[in-house]
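*Asks:* In this note's numbering, the protein residues as written are 487 to 685. The beta-carbon is built from N, C-alpha and C at its ideal position, and this holds for glycine as well. Before I ask anything, let me first share the structure, which is written out below as structure tokens.
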Amino acid sequence: MELYSGYISRLIGELSVLPGIGNKSAQRLAFHIINMPKDRVEALALAMTEARNNIKYCRECFTLTDNEVCPICADKNRDHKQIMVVENIRDMTAYEKTGKYSGVYHVLHGAINPSLGIGPNDIKLPDLLKRLQSIDATEVIIATNSSIEGETTAMYISKLIKPTGIKVTRIASGVPVGGELEYIDEVTLSRALDARVEL
Ligand code: ZN
Numbered sequence: 487m488e489l490y491s492g493y494i495s496r497l498i499g500e501l502s503v504l505p506g507i508g509n510k511s512a513q514r515l516a517f518h519i520i521n522m523p524k525d526r527v528e529a530l531a532l533a534m535t536e537a538r539n540n541i542k543y544c545r546e547c548f549t550l551t552d553n554e555v556c557p558i559c560a561d562k563n564r565d566h567k568q569i570m571v572v573e574n575i576r577d578m579t580a581y582e583k584t585g586k587y588s589g590v591y592h593v594l595h596g597a598i599n600p601s602l603g604i605g606p607n608d609i610k611l612p613d614l615l616k617r618l619q620s621i622d623a624t625e626v627i628i629a630t631n632s633s634i635e636g637e638t639t640a641m642y643i644s645k646l647i648k649p650t651g652i653k654v655t656r657i658a659s660g661v662p663v664g665g666e667l668e669y670i671d672e673v674t675l676s677r678a679l680d681a682r683v684e685l
């Protein structure tokens, strides 16, 4: 016997595939949604659909944007020859919040993780190399997480880029081992950037 109506079960099922949402949270959200005013529910559904349909990768840094080029890459006041490589958009946002970085970014959308079968070509790494061929970069700052995957990725990138003569640096410790950038406070992130070391 179904405990809930088919519609509610379906809604719970859809919500429970979201990261961090277990079955209990999905049930709680589902009951919240069916009690919301209809126009709010429609606005929520529309926001999800429109975001999914209209957001694309920035042509240069591969963050998500509404336009061809994101606001950071479109900003003429930033140093377009200094590129900070991050694993994901949340890490980029964390560094932007420090207000201390005036270069641009490159979002990998992941890290090399052999145990999950994620290789260099499964992240936006070939795109970084291609990008470096077309600009005269002065520095590539590798700001991947200090997890095993983040370190593996940093070493891999460094080995690829160093022969080109471009300066390659790695954000300093102060970022705890295994620490995920997005959870680190802005002061620590700024210090890690200031104290970056050349690889
Ligand atoms: Zn961009």
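(1) Assuming K583 contacts E672 under a Cβ cut-off of 8 Å, what Cβ separation, rounded to an integer in Å, is found between them?
(2) Is V555 near the ligand ZN, going by C-beta to nearest heavy atom under 7 Å?
(3) Which value, in whole angstroms, describes the spacing of the CA atoms of I670 and I598?
(4) Using beta-carbon positions only, say whether R617 and H592 come within less than 8 Å of one another.
(5) Quick one: does the C-beta of I558 sit closer than 7 Å to a heavy atom of the ligand ZN?
(6) What whole-angstrom Cβ distance do I647 and A629 have, given they're in contact under 8 Å?
(7) When you compare the CB positions of G589 and I569, do they come within less than 8 Å of one another, or not?
(8) With a CB to CB cut of under 6 Å and the five nearest residues on each side skipped, what residues in its chain are close to I498?
(9) Considering Cα atoms alone, identify which of P606, I627, S491 and Y642 is closest to D680.
*Replies:* The structure says:
(1) 6 Å
(2) yes
(3) 22 Å
(4) yes
(5) yes
(6) About 14 Å separates the two Cβ atoms, so there is no contact after all.
(7) yes
(8) A512, Q513 and A516
(9) I627
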